[in-house]
Amino acid sequence: MLNKDFYKKDTLNVAKELLGKNIVRNINGHKLVGRIVETEAYIGPFDKAAHSYNNRKTQRNEVMFKDAGHAYIYFIYGMYYCFNIVTEDEGKPCAVLIRAIEPIEGIDYMFKLRYKKELKEISKSQFKNLTNGPSKLCIALNLDKSLNGINLFSDTLYVEDAGYNDFDIVETTRINIDYAEEARFYPWRFYIKDNPWVSQK
DNA sequence: CTGGTGATCCTCT
DNA sequence: GAGGATCACCAGT
């Protein structure tokens, strides 16, 4: 299990170092594991794309101001959630958005959570859409508002280093932040090159 | 494969 | 009252 020191660093470094690590989610006796293949950094104080731009603190984003290693899970577009990991020192509202994972373990149960169907009933298109987006992976891992603000140091939800290192990292611009003026162009999105589970667009 | 669009409702101003 | 760190679906190519 990654410890607090791992997250209590420069957000861009954490976003890159999280690639290849495994998210572990225990729910109803099922162990779900997914390899992180795509992340985005949100550096509140200087980042117009962040909820916490200019250190603005609201009821929604207060978790971002907590110490490193907390889960910031917020509701978006009327029906979805996004999962972020808080980084850096307490009071500095920075986080890494987990944009995509590659399913590793507990895949049957992930399908059940996401499509309410058994694996054998799943179409090809549904298979590749299981976890290749920030809200898709939240459905597959059952991450919602009830977990907002928990830390990543219990069996419920944590990240571990499974020793997967053999890949190249692509750095590019973030997605769906057209409103963020110059911050649109910051190369703060990272993903594992050629990994099929990276989100499209 | 691509781009456009509707769904749906919480959050902040 | 407006809009969003998204997704699924549809039509056109």
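One gets the working numbering by counting positions in the first sequence from 1 and adding 123 to each.
Ideal Cβ placement from N, Cα and C applies to all residues, glycine included.
- Counting only runs that start and end inside the segment 176-245, the alpha helix (DSSP H) elements of at least 4 residues fall at 230-238.
- Counting of Cβ neighbours within 10 angstroms places residue 284 among the exposed residues, the total staying below 16.
- Secondary structure of residue 136 (DSSP, three-state): helix.
- For residue 259, the enclosing alpha helix (DSSP H) stretches over residues 257-263.
- A contact is defined here as three or more CB-CB pairs under 8 Å, and the segment 140-157 fails this definition with respect to the segment 169-182.
- Ranked by how close their Cα comes to the Cα of residue 314, the residues 133, 132 and 143 have 143 in first place.
- Within 10 angstroms of the beta-carbon of residue 317 lie fewer than 16 other beta-carbons, which makes it exposed.
- Around the beta carbon of residue 163, 16 or more other beta carbons lie within 10 angstroms, which makes this residue buried.
- With a cutoff of 8 Å on beta-carbon distance, residue 194 and residue 275 are scored as near each other.
- Within the DSSP bridge table, the entry for residue 305 names no partner.
- When C-beta atoms of the segment 209-225 are compared with those of the segment 129-144, three or more pairs fall below 8 Å, so the two segments count as touching.
- Closest option to residue 297, judged by alpha-carbon separation, among 265, 271, 138 and 200: 138.
- Linking residue 225 to residue 287 through their CA atoms gives a straight-line distance of about 12 Å.
- For residue 181, same chain residues with a beta-carbon under 8 Å away, outside a window of 5 residues either side, are 174 in chain order.
- When rounded, the separation of the alpha-carbon atoms in residue 161 and residue 167 is 20 Å.
- Cβ neighbours of residue 293 within its own chain (closer than 6 Å, five residues either side excluded): 314 and 316.
- Take the alpha-carbon of residue 241 and the one of residue 231: they are about 7 Å apart.
- Within the DSSP secondary-structure output, residue 293 pairs in a beta bridge with 314.
- 227 is the residue among 302, 261, 227 and 237 whose C-alpha sits nearest the C-alpha of residue 145.
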